[in-house]
Every structure is written in structure tokens, then in C-alpha cells.
Amino acid sequence: MSSSEKKSPLIRIKNLYKIFGKDEKKVLEQVKAGKSKDAILAETGHTVGLSNINLDVYPGEIFVIMGLSGSGKSTLIRHFNRLIEPTAGEIEVAGSDVMQLSSKDLQDFRRNKMSMVFQRFGLMPHRSVLDNIGYGLQVQGVKKAEWQKSATEWLKTVGLDGYAKQYPGQLSGGQQQRVGLARALCTDAEILLMDEAFSALDPLIRSEMQDQLIELQEKLHKTIIFITHDLDEALRLGDRIAILRDGILVQQGEPVDILLNPVDDYVEAFVKDVNRARALTVETVMQPQVCRISTETIGEAVLQMRKSKQDYGYVVNKDGYQGVITQDTLDNVEKSDYSNTLDASLLEDVPAVQSDALIETVIPELLDNAVPLPVLNEDGEVEGHLCRSTLAEVLSDQPSVEEEKVTHV
Amino acid sequence: MSDSSWLSDIPQLDRHQLLDIRKTLDGAYRSFSREYGDSIEAFFDPLLTFLIWFEKLLLSSPWWLVIAVLAVFAYIASRSWKLTLGVVVAFFLIGFFGMWDNTMRTMSIILVSTLLAVLIGIPIGIAMARSDRVQSAVTPILDIMQTMPAFVYLIPVVMLLGIGKIPGVIAVIIYAVPPVIRLTNLGIRLVDKEVLEAATAYGASPMQRLFGVQLPLAMPNIMAGINQTIMMALAMVVIASMIGVKGLGQPVLKSITNQYFTLGLMNGLAIVALAIIFDRISQSYAKRTLQNLGGH
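Protein chains in written order, with the working numbering: chain Z, 60 to 468; chain W, 17 to 312.
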């Protein structure tokens with residue numbers, strides 16, 4: 060579906076295991092043999108942090124890793140730049156094997172390839188805001204005039220103009236995280252690791268920061284690994300989402316897949332509280348079969364309507380969608396008038412909705428009209444329809460009637 | 017002797033066995049000091065030269081210049097006019113009551129000892145912070161250094177180097193260095209993990225982490241350690257005077273043996289004045305570094 064799938068992955072993690080404890084290698088065998096996390100903790104005192112993680116991240120996407128606290132998501136993100144050493148497994152970034160890097164190469168890798176944003180900001184309290192933003196470049200040994208120039212630019216971009224000489228302690232949480240974000244962007248690294256970056260902020264500031272990130276991403280096209288425990292945030296930001304539970308990757312896929320087809324109770328429990336109207340687009344819930352009426356005369360329209368089983372049709376001509384014609388209207392037309400052209404006077408003015416609109420935004424129009432609304436794609440063609448019952452089903456979290464039947468047969 | 021004597025008396029070595037042990041150890045140490053005493057003394061020669069030079073510098077400078085320099089230091093460190101004025105008045109009174117020369121001698125040995133304690137202590141503290149193994153090895157040694165009566169470790173030092181300035185400085189350092197080591201270690205270990213992780217994530221080398229993050233953030237604690245070190249060095253002044261270190265300690269020692277109450281009191285007060293001045297200056301400096309961190 061998304062174009063990213065055609066490209067080769069930028070980051071590839073294969074069979075990654077992390078076990079915390081003294082004798083990790085020995086315990087690894089037991090984990091591989093399929094022993095449960097609890098059994099291993101009880102028998103050996105070792106904690107299984109991550110177990111058999113496989114994932115690919117494609118260039119330019121926001122990849123969200125989600126899970127409750129203790130699910131291992133912060134451990135996982137620290138493997139991308141080897142802040143934590145895995146017990147076993149492969150980590151490949153842009154074709155090079157991160158596990159094989161010497162400490163000097165690893166240092167260069169961290170300087171140039173990845174930058175990171177932290178949950179509690181990780182700013183240096185003894186450095187001014189500008190010094191913090193330029194930290195990555197300073198570490199690389201970039202000249203002062205140069206790093207100050209680019210740090211000042213990023214300071215402006217995140218909207219903290221005039222705060223350059225302040226210290227992190229003087230800023231609010233939201234402002235501090237903006238500094239954190241600017242610091243991460245200042246090194247111009249291709250990959251951005253964000254470890255619960257917005258979790259410590261209050262809801263209003265959080266959604267502001269999400270907007271800012273989306274806005275920046277539209278310009279910058281970074282590859283972003285985003286950790287969160289908040290599904291709303293994941294759905295809002297993520298191009299793809301991976302769900303982690305007790306160190307195991309239980310599901311990964313596009314937001315819609317996760318929302319509509321949760322693989323197990325754990326994911327379902329996550330998904331339950333999500334505001335679907337805000338998370339899903341019209342496209343994902345519409346019904347594709349429609350009765351399109353694309354004729355010049357009334358007579359042909361009657362024929363087309365008969366062929367379809369519905370009692371209404373969407374009238375389309377070369378200028379696109381025109382309106383809805385109902386069976387009742389056609390019945391009232393005299394047979395002698397069948398050769399007349401189908402004109403606007405017979406049509407009902409029913410608004411169309413765009414396929415990429417959020418459900419939330421189309422609810423008022425849907426409730427105002429008795430007939431299902433036509434759904435238009437990017438080119439203005441009628442692609443499907445959206446009716447009230449579909450909406451009710453999606454929002455009420457009840458399995459649809461058909462599904463019910465299938466499962467009970 | 018009856019068989020049950022061990023119940024009432026603790027089992028004990030014979031007197032001649034104890035004597036043998038003492039003789040062997042003392043003999044060994046004596047021959048060690050005879051063998052290496054000279055070369056060890058030669059090793060400390062540069063330090064002695066520096067000590068003498070610094071003492072002469074303080075003694076030969078005009079009194080108003082010394083007071084002016086101290087006042088400037090006090091102001092730079094504390095940014096407080098009150099403290100600066102206090103320093104001027106205190107030193108003027110010390111001079112007025114005829115203790116100027118001894119105070120300069122004491123100050124020179126305190127400053128040199130503190131400087132050396134810091135130079136030795138901070139690297140050891142850093143090493144302790146980096147490795148739990150080093151920490152668990154060094155901690156008991158620090159405990160011994162702080163609790164062992166000063167007179168006891170004066171004995172081998174004096175046997176090795178005789179009496180004079182160098183053994184005095186060594187004794188002062190042994191007594192005064194533990195706080196700066198402990199607090200450097202503690203300060204570095206208390207540095208926020210996420211801040212350090214951020215430095216690592218941006219590719220900082222171990223040296224960049226140490227000098228760019230760990231030491232600056234540990235500074236308030238390190239300064240508290242240096243403050244303690246200065247205080248403990250001052251406390252050693254009287255004991256050091258017993259092995260021939262000149263300064264405010266000697267008149268005190270003389271007062272004890274001859275029961276000169278006023279002489280003892282005046283010199284004691286001079287030591288107290290020095291202590292208060294050094295304490296206030298280093299503490300207000302520590303406080304200012306802390307403020308920079310808090311960003312107020």
C-alpha cells in the first residue's frame with residue numbers, strides 16, 4: 060500500500076534477544092527453547108527483556124513501537140544505537156552491521172547516523188539552551204561559529220527564539236522538549252530515535268508537539284522510531300506500529316490493521332479505548348459497492364437503477380459527482396418523459412465526502428442525510444459509500460452483524 | 017596452667033613471641049628506610065622546593081598585598097562584599113596581634129596540602145566512580161585513613177623522612193584527602209543517567225563525557241569535598257607542629273607544655289579565623305556552581 064514497502068529497509072533487526080542477568084548466554088538457550096519469562100525469572104533470576112524481535116524500518120517513515128511500561132520498548136530503542144548491548148541478534152542500519160562496529164566506529168555511527176530524544180529530556184543543566192542544541196555538533200568537533208549558526212536556526216524552527224542564553228532549568232517541560240528535539244535535528248542525522256518523547260508533557264502541550272513533529276516530518280522526511288505507551292499518539296503519528304508485550308512483538312502493521320484486526324486480547328484491550336472516529340479515515344470503513352448512474356437520459360437511468368439492488372444511485376458525469384437520484388423520484392416520472400435528459404431538478408443535493416477524511420469530520424453530514432454519502436477519491440471519482448449503520452458499527456465497537464453470524468455458524 | 021584457662025582469659029601470644037613480631041617488622045621497616053630513605057627523600061625534593069618557595073613568597077610579600085590578593089580571591093569566589101570585608105578585618109587583626117608570620121606559614125602548608133589532596137583525590141574519585149571494584153577496594157582504605165589516629169601514621173613517615181615540612185604535608189594529606197575522594201565519587205555517580213545517556217547517544221567519547229558532563233555536574237559535590245578537605249587540613253596543623261612543621265600549631269604546642277593560656281587562645285583563634293574564611297569562601301563558591309546547575 061504505502062510506497063515505502065517497495066524500498067529496502069533502512070533498519071533491520073533480526074532475532075534480537077536481550078536478557079538481563081549475570082549468565083545471559085546460558086539463559087538464552089532456555090529462552091530460545093520457549094520457556095516463559097516468568098519461569099525463567101523464577102528458576103534463574105534472569106529477566107528476559109526482549110525475545111526474538113524481528114522488524115524492518117523503511118526510510119522516511121514514522122515507526123511507532125508501543126507497549127505498556129515494562130514491555131521492553133525503552134530497552135528495544137536503546138539497541139538501535141547500542142546504548143544497550145543485545146544478548147544475541149543482528150542489527151543492521153543502512154546496510155552496515157552495527158554489532159560489528161568497534162567502539163571508535165560506534166562513536167562515529169552515533170554522531171552521524173542517529174540522534175535521540177529522551178523522555179525526561181536529557182538536557183545538560185550546566186549548558187545554555189543554544190549550547191545544548193549544538194551539543195551533537197560540538198562533540199563532532201565542528202567549529203563554534205558553524206554550530207552556533209545551525210543551532211540558532213533550529214532554535215527558531217522549534218519556536219524558541221530568544222531563549223538561546225537561558226538554561227534548561229528556566230524552561231517549562233514543553234519548551235525543554237523542544238530543545239531536545241532541536242538538539243536531535245541539529246546533527247542532521249537520518250534517523251531519529253524518540254523514547255517516549257512526549258509522555259512527560261501535559262496533554263495540550265503533547266498534542267502541540269505532535270503537530271510540530273508531523274509538520275517537521277513533512278519537510279524533513281526523517282526516519283523516526285517513536286516509542287510510546289499511548290495508542291492515540293501512536294495512531295496519530297505512526298505510519299506503521301509495532302506492539303510489544305513482555306519483550307515479545309505481538310503485532311506490527313499499519314494503524315488500521317491494528318485497530319480493526321487486533322491479533323489478541325492484549326492488543327484488543329489497547330485498542331478498546333481509542334477514539335476511532337479520530338483515528339480512522341473514511342476509506343477504511345466505507346463500502347465499495349455503489350450504484351453509479353452515468354447516463355444522459357432518464358430512461359437509461361431507470362434501467363441502470365433496476366440492475367442494482369439499491370433504491371438510490373449516485374449520478375456521475377464527466378465533471379464528476381452531481382448528486383443522488385432515488386427510486387421514488389424516478390417512479391414519479393411519466394414514461395413519456397423517459398427520453399428527456401437527466402437534469403439537476405431531479406437530483407437531491409447530497410454532499411460527498413473525501414476518502415482520506417477522518418470519520419470524525421464527516422459525522423454531521425452523515426447524520427443530516429437519509430441516504431448514504433458517496434465517498435470520493437483524490438481524483439473526484441465515486442469510490443464507495445458510507446452509511447449510518449457502518450458508522451454506528453465502527454464507533455460502537457460491536458462486531459458487525461455479518462461477522463456475528465459467521466462466528467456462530 | 018589448667019585446661020579451662022581459655023574460658024576466663026583470652027588466648028594470647030607469649031610475650032617473647034609478640035616481641036619477635038615487633039622486632040621483625042620494625043627491623044624490616046628500618047632497613048627499608050635505610051635502603052630507600054634517601055631516594056624517597058630525593059623524590060620529594062621538588063615538593064620541598066615548592067613548599068619553601070611558596071612560604072617565602074607569602075612571608076616576603078608586603079602585608080597589604082597579601083590581604084588585597086586574599087580579598088580579591090574571596091570576592092571572586094563568593095561575590096559577597098561582607099565576606100570580603102570579613103577577610104580583610106580578620107587578617108588585619110591576626111597581624112595586629114603579632115601572628116602574621118606563623119599564619120603565613122600555616123596558610124602556605126594548608127594551601128599546598130589542599131592543592132595536592134585535590135590533585136590526588138579527584139583522579140582517585142573518578143576511578144572509583146567508573147568501577148565498582150575500585151570503589152569497594154578503596155573505600156576501606158579511606159575508612160582506615162580517616163579513623164587511624166594521626167600519630168600512628170606519623171611514626172613510619174617520620175622514620176622514613178625525618179621531621180620537617182615534607183612529612184608534615186604527607187600527614188596532612190593522608191588525613192585530609194578522603195573527603196574529596198568520597199565526594200568526587202559520589203558526585204559522579206549521582207549525575208543524572210539520562211543526561212549521560214544523551215551524551216553517549218550523541219557520540220561523546222569517554223573523555224568528552226567526563227569533562228563535558230560528569231565533572232561539571234559533579235562540581236557542587238566536589239566543591240563540598242574540597243571544603244571538607246581544607247577543614248581537615250587545618251585540624252591537622254597542631255599535630256603537624258609536633259613533627260616540626262612551623263606555623264600556628266607550634267605556639268599552641270608551646271602553650272600546652274608551658275601553660276600559656278592566652279598565647280594558646282590567640283593562636284587557636286587565628287586557626288579558627290582561617291578555618292571560617294576558607295570554609296565560607298569555598299562553600300559560597302560551591303553554592304554558586306549549584307545555582308548555575310539549577311539555572312536560577
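Positions of the beta carbon are idealized from the N, C-alpha and C atoms, including for glycine.
Outcome for residue i when other beta-carbon atoms lying within 10 angstroms are tallied against a minimum of 16
{"i": "Z/A277", "result": "Per the sequence presented here, residue 277 of chain Z reads as Glu, with Ala not at that position. With fewer than 16 other Cβ atoms within 10 Å, it is exposed."}
{"i": "W/Q33", "result": "exposed"}
{"i": "W/R31", "result": "exposed"}
{"i": "W/I92", "result": "exposed"}
{"i": "W/S12", "result": "Because chain W here runs from 17 to 312, residue 12 of chain W falls outside it and cannot be looked at."}
{"i": "Z/W206", "result": "buried"}
{"i": "Z/D190", "result": "buried"}
{"i": "W/I197", "result": "buried"}
{"i": "W/P183", "result": "buried"}
{"i": "W/Q275", "result": "exposed"}
{"i": "Z/W213", "result": "buried"}
{"i": "Z/H280", "result": "exposed"}
{"i": "Z/K77", "result": "buried"}
{"i": "Z/K132", "result": "buried"}
{"i": "W/L41", "result": "exposed"}
{"i": "Z/I70", "result": "buried"}
{"i": "Z/Q346", "result": "exposed"}
{"i": "W/Q224", "result": "buried"}
{"i": "W/P78", "result": "exposed"}
{"i": "Z/A451", "result": "exposed"}
{"i": "Z/L362", "result": "exposed"}
{"i": "W/H312", "result": "No answer about W/H312 holds up, because its pLDDT of 41 lies below 50 and its placement is not dependable."}
{"i": "Z/Q166", "result": "buried"}
{"i": "Z/R7", "result": "Given a span of 60 to 468 for chain Z in the structure shown, any question on residue 7 of chain Z remains unanswerable."}
{"i": "W/T65", "result": "exposed"}
{"i": "W/V128", "result": "buried"}
{"i": "W/I37", "result": "exposed"}
Residue i: contacting residues in chain W (beta-carbon distance under 9 Å)
{"i": "Z/Y194", "result": "A214, A215, Y218, A220 and G228"}
{"i": "Z/T246", "result": "Y218 and G219"}
{"i": "Z/S367", "result": "Under the 9 Å cutoff, chain W gives no residues; its nearest Cβ is about 60 Å from Z/S367."}
{"i": "Z/R237", "result": "Within 9 Å Cβ-Cβ: nothing; Z/R237 doesn't reach chain W, min ~15 Å."}
{"i": "Z/D167", "result": "G219"}
{"i": "Z/V198", "result": "A215, Y218, G219, A220, S221, Q224 and G228"}
{"i": "Z/R71", "result": "None at all; the shortest Cβ gap to chain W is about 20 Å."}
Chain Z residues whose Cβ lies nearer than 8 Å to that of residue i
{"i": "W/E210", "result": "F177, Q178, R179, F180 and G181"}
Under 8 Å by beta carbon: chain W residues contacting residue i
{"i": "Z/L135", "result": "Neighbours of Z/L135 on chain W: none; closest Cβ ~15 Å, over 8 Å."}
{"i": "Z/S174", "result": "A217 and Y218"}
{"i": "Z/R170", "result": "Y218 and G219"}
Distance between beta carbons of residue j and residue i, contact taken as under 8 Å
{"i": "Z/M173", "j": "Z/A248", "result": "5 Å"}
{"i": "W/P194", "j": "W/M161", "result": "5 Å"}
{"i": "Z/I72", "j": "Z/V86", "result": "With 8 Å as the limit, Z/I72 and Z/V86 do not qualify as a contact, their Cβ atoms being about 20 Å apart."}
{"i": "W/V134", "j": "W/M144", "result": "Not really, about 15 Å apart at Cβ, beyond 8 Å."}
{"i": "W/L290", "j": "W/T122", "result": "7 Å"}
{"i": "Z/V344", "j": "Z/V453", "result": "5 Å"}
Interface partners of residue i on chain W, CB under 7 Å
{"i": "Z/L142", "result": "E213, T216 and A217"}
Notebook entry, point to check: Between the segment 220-250 of chain W and chain Z, which residues of the former have CB atoms less than 7 Å from a CB of the latter, in chain order?
Noted result: Going along the segment 220-250 of chain W in chain order, one finds A220, S221, Q224, V229, P232 and L233 with a Cβ nearer than 7 Å to chain Z.
Notebook entry, point to check: Would you say the segment 229-242 of chain W touches the segment 254-271 of chain W, given that touching needs at least three Cβ pairs under 8 Å?
Noted result: Contact fails between the segment 229-242 of chain W and the segment 254-271 of chain W, because fewer than three Cβ pairs, one in each stretch, are under 8 Å apart.
Margin query: Using 8 Å as the cut-off, can you tell me whether the segment 359-373 of chain Z makes contact with the segment 326-341 of chain Z, which would need three or more C-beta pairs spanning the two stretches below that distance?
Written below: Inter-segment contact for the segment 359-373 of chain Z and the segment 326-341 of chain Z is absent: fewer than three beta-carbon pairs are separated by less than 8 Å.
Notebook entry, point to check: Given 8 Å as the limit, is there contact between the segment 103-112 of chain Z and the segment 285-299 of chain Z, that is, 3 or more CB pairs closer than that?
Noted result: Contact between the segment 103-112 of chain Z and the segment 285-299 of chain Z is absent: fewer than three C-beta pairs spanning the two stretches fall below 8 Å.
Check: Counting pairs of Cβ atoms below 8 Å between the segment 224-242 of chain Z and the segment 176-192 of chain Z, do you hit three or more?
Finding: The segment 224-242 of chain Z is in contact with the segment 176-192 of chain Z.
Notebook entry, point to check: Does the segment 244-261 of chain W come within contact of the segment 177-195 of chain W, defined as at least 3 CB pairs closer than 8 Å?
Noted result: Judged by pairs of C-beta atoms under 8 Å, the segment 244-261 of chain W touches the segment 177-195 of chain W, as three or more such pairs exist.
Notebook entry, point to check: Quick one: any contact between the segment 439-451 of chain Z and the segment 354-367 of chain Z, if contact means 3 or more CB pairs under 8 Å?
Noted result: No contact exists between the segment 439-451 of chain Z and the segment 354-367 of chain Z.
Note to self: Assess contact between the segment 215-234 of chain W and the segment 276-287 of chain W, defined as three or more Cβ pairs (one per stretch) separated by less than 8 Å. Is contact present?
What the structure shows: Output reads no: the segment 276-287 of chain W does not touch the segment 215-234 of chain W.
Notebook entry, point to check: Counting Cβ pairs closer than 8 Å, one from the segment 200-211 of chain W and one from the segment 132-145 of chain W, do we hit at least three?
Noted result: Contact between the segment 200-211 of chain W and the segment 132-145 of chain W is present, because at least three Cβ pairs lie under 8 Å.
Margin query: Any contact between the segment 141-155 of chain Z and the segment 323-330 of chain Z? By contact I mean 3 or more CB pairs, one from each, below 8 Å.
Written below: Between the segment 141-155 of chain Z and the segment 323-330 of chain Z there are fewer than three C-beta pairs closer than 8 Å, too few to call the two in contact.
Note to self: Three Cβ pairs or more, each shorter than 8 Å: is that satisfied between the segment 220-240 of chain Z and the segment 252-270 of chain Z?
What the structure shows: Judged by pairs of C-beta atoms under 8 Å, the segment 220-240 of chain Z touches the segment 252-270 of chain Z, as three or more such pairs exist.
Checklist line | Cβ contact (3+ pairs, closer than 8 Å) linking the segment 63-70 of chain W and the segment 90-104 of chain W | finding: Judged by Cβ distances under 8 Å, the segment 63-70 of chain W makes no contact with the segment 90-104 of chain W, as fewer than three pairs qualify.
Check: If we count Cβ pairs, one from each stretch, closer than 8 Å, do we get three or more for the segment 99-109 of chain Z versus the segment 130-146 of chain Z?
Finding: With three or more CB-CB distances shorter than 8 Å, the segment 99-109 of chain Z counts as touching the segment 130-146 of chain Z.
Notebook entry, point to check: Can at least three beta-carbon pairs, one atom from the segment 289-303 of chain Z and one from the segment 116-130 of chain Z, be found at a separation below 8 Å?
Noted result: Touching, yes.
Check: Any contact of the segment 93-108 of chain W with the segment 267-274 of chain W, i.e. 3+ C-beta pairs under 8 Å?
Finding: Counting Cβ pairs under 8 Å, fewer than three are found: no touch.
Note to self: Does the contact criterion of 3 or more C-beta pairs under 8 Å hold for the segment 166-176 of chain W versus the segment 203-212 of chain W?
What the structure shows: Inter-segment contact for the segment 166-176 of chain W and the segment 203-212 of chain W is absent: fewer than three beta-carbon pairs are separated by less than 8 Å.
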